[in-house]
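All the letters of the sequence shown, read from the start, carry residue numbers 21 to 333 under our numbering. Even glycine gets a Cβ: it sits at the ideal position worked out from N, Cα and C.
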Amino acid sequence: MKSFLERFLHYLETERNSSTHTVSAYARDIREFAIKIREDEKFDDWTTVDHDQARTFVMKLFDAGDSKRSIQRKLSAMRSFYRFLIKHNLAESNPFSGLAPIKSDKPLPVVMSINDIDRLIAGVKEYWQQAAITGLSKTEDSAEFAMARDTAMIELIYSGGLRIGETVGLNLGDIDNRNGCVRVRGKGKKERLAAIGTQAENALSAYYPQRKTVGAERNPDAPLFVNRFGTRLTARSFQRNLKKYLMIAGLPPDFTPHKLRHSFATHLLDAGADLRSVQEMLGHENLSTTQIYTHVSAERMKQVYKDSHPRAK
Numbered sequence: 021m022k023s024f025l026e027r028f029l030h031y032l033e034t035e036r037n038s039s040t041h042t043v044s045a046y047a048r049d050i051r052e053f054a055i056k057i058r059e060d061e062k063f064d065d066w067t068t069v070d071h072d073q074a075r076t077f078v079m080k081l082f083d084a085g086d087s088k089r090s091i092q093r094k095l096s097a098m099r100s101f102y103r104f105l106i107k108h109n110l111a112e113s114n115p116f117s118g119l120a121p122i123k124s125d126k127p128l129p130v131v132m133s134i135n136d137i138d139r140l141i142a143g144v145k146e147y148w149q150q151a152a153i154t155g156l157s158k159t160e161d162s163a164e165f166a167m168a169r170d171t172a173m174i175e176l177i178y179s180g181g182l183r184i185g186e187t188v189g190l191n192l193g194d195i196d197n198r199n200g201c202v203r204v205r206g207k208g209k210k211e212r213l214a215a216i217g218t219q220a221e222n223a224l225s226a227y228y229p230q231r232k233t234v235g236a237e238r239n240p241d242a243p244l245f246v247n248r249f250g251t252r253l254t255a256r257s258f259q260r261n262l263k264k265y266l267m268i269a270g271l272p273p274d275f276t277p278h279k280l281r282h283s284f285a286t287h288l289l290d291a292g293a294d295l296r297s298v299q300e301m302l303g304h305e306n307l308s309t310t311q312i313y314t315h316v317s318a319e320r321m322k323q324v325y326k327d328s329h330p331r332a333k
């Protein structure tokens with residue numbers, strides 16, 4: 021007679037049409053429980069497993085250094101196994117039901133260094149200079165326009181921690197040059213003020229004359245960042261250009277406009293800004309959303325210590 025586990029694996033193969041890889045993974049995870057809790061790989065008395073043993077299994081996985089994602093997968097395998105047993109009247113209850121959910125750690129945001137951002141901005145200039153020389157750009161004027169616009173966008177995103185959608189959604193009237201800030205419409209149509217630093221202010225000043233060359237409207241409700249036809253630039257268009265600048269600058273191709281926002285927050289915290297202020301500047305509703313950047317700063321601190329301190333290794 022086949023063991024309970026063999027019946028389950030047969031069910032996966034024949035009725036669920038699961039791949040060989042999937043079946044092997046289920047078998048491995050379920051046998052791991054048998055080994056860790058019952059110290060018997062061939063254990064088959066699954067009706068005697070109780071909730072306490074299920075919890076002990078979780079604790080042993082943590083003690084063994086398994087990642088949260090790995091533990092989630094193994095518990096999912098055990099729950100599926102018991103659902104099969106209950107469905108076929110081979111067990112009365114699922115001891116893995118009711119276990120507290122294990123939340124996966126959120127991946128830390130990827131942050132660009134200040135040098136990376138300098139290289140990216142230099143890459144914008146280099147790309148359009150080459151485009152004008154090689155004929156990639158239709159005219160030198162169109163290259164100058166695109167270079168000024170995208171430099172201003174990068175500076176503004178990094179200066180104020182803007183999202184790309186917020187940036188392309190800006191209108192001329194949203195810029196307050198006198199007070200050095202910009203009115204941003206964030207998620208849920210919530211408005212906030214973002215700072216315009218000196219570099220961003222200079223980049224915008226260089227962009228405004230170029231904006232006129234494409235016939236863009238000049239009223240307060242007109243889009244701030246426009247395409248060559250004078251209409252609002254899309255996020256997709258800017259993202260396509262960004263990939264070109266990253267390549268020219270020799271930076272990772274997975275850097276996105278949102279990485280600039282991550283960098284804004286992390287660099288502020290590295291320099292001593294308080295978390296509440298950064299939360300307000302990012303437009304986060306909950307402080308917990310902003311707190312992930314403190315982990316990034318801590319990781320950077322540990323790496324600097326490890327690389328620099330003579331007693332770290």
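Proximity test, residue i beta-carbon vs the ligand NAD heavy atom, cut-off 7 Å
| i | result |
| --- | --- |
| residue 68 | This structure lacks the ligand NAD; in fact it carries no ligand of any kind. |
CA nearest to the CA of residue i, picked from the options
| i | options | result |
| --- | --- | --- |
| residue 138 | 48, 237, 171, 193 | 171 |
| residue 181 | 66, 75, 284, 26 | 284 |
| residue 140 | 304, 302, 268 | 268 |
| residue 179 | 216, 157, 164 | 216 |
| residue 95 | 33, 311, 73 | 73 |
| residue 55 | 44, 81, 42, 37 | 81 |
| residue 134 | 281, 24, 109 | 281 |
| residue 245 | 291, 184, 293 | 184 |
| residue 122 | 90, 193, 130, 301 | 90 |
| residue 270 | 70, 48, 136, 177 | 136 |
| residue 108 | 38, 286, 28 | 28 |
| residue 278 | 33, 259, 293 | 259 |
| residue 166 | 22, 70, 232, 211 | 232 |
Same chain, Cβ closer than 7 Å to residue i, neighbours up to 5 away in sequence not counted
| i | result |
| --- | --- |
| residue 189 | 205 |
| residue 168 | 226, 227, 230 |
| residue 76 | 57 |
| residue 263 | 273 |
| residue 314 | 289, 295 |
| residue 265 | 140, 143, 144, 147 |
| residue 261 | 170 |
Residues of its chain near residue i, where Cβ-Cβ distance is below 6 Å and the 5 sequence neighbours each way are ignored
| i | result |
| --- | --- |
| residue 288 | 298 |
Residues near residue i by beta carbon distance below 8 Å, same chain, minus five either side
| i | result |
| --- | --- |
| residue 112 | 67, 106 |
| residue 31 | 104 |
| residue 211 | 203, 204, 205 |
Buried/exposed call for residue i, threshold 16 Cβ in 10 Å
| i | result |
| --- | --- |
| residue 303 | buried |
| residue 157 | buried |
| residue 214 | buried |
| residue 241 | exposed |
| residue 187 | buried |
| residue 84 | exposed |
| residue 307 | exposed |
| residue 218 | exposed |
Rounded Cβ spacing between residue i and residue j (contact assumed at less than 8 Å)
| i | j | result |
| --- | --- | --- |
| residue 208 | residue 234 | Incorrect: roughly 32 Å between the Cβ atoms, too far for contact. |
| residue 51 | residue 61 | 5 Å |
| residue 24 | residue 110 | 6 Å |
| residue 192 | residue 238 | 7 Å |
Min CB distance residue i to chain B below 8 Å
| i | result |
| --- | --- |
| residue 136 | Checking the listed chains, one finds no chain B in this structure; it contains a single protein chain. |
ask   = Taking contact to mean at least 3 C-beta pairs separated by less than 8 Å, is the stretch 116-124 in contact with the stretch 95-103?
value = Judged by Cβ distances under 8 Å, the stretch 116-124 makes contact with the stretch 95-103, as three or more pairs qualify.
query = Is it true that the stretch 156-175 meets the stretch 211-230, where meeting means three or more beta-carbon pairs spaced less than 8 Å apart?
reply = Judged by Cβ distances under 8 Å, the stretch 156-175 makes contact with the stretch 211-230, as three or more pairs qualify.
query = At a cut of 8 Å, does the stretch 196-205 reach the stretch 142-157 through at least three beta carbon pairs?
reply = Judged by Cβ distances under 8 Å, the stretch 196-205 makes no contact with the stretch 142-157, as fewer than three pairs qualify.
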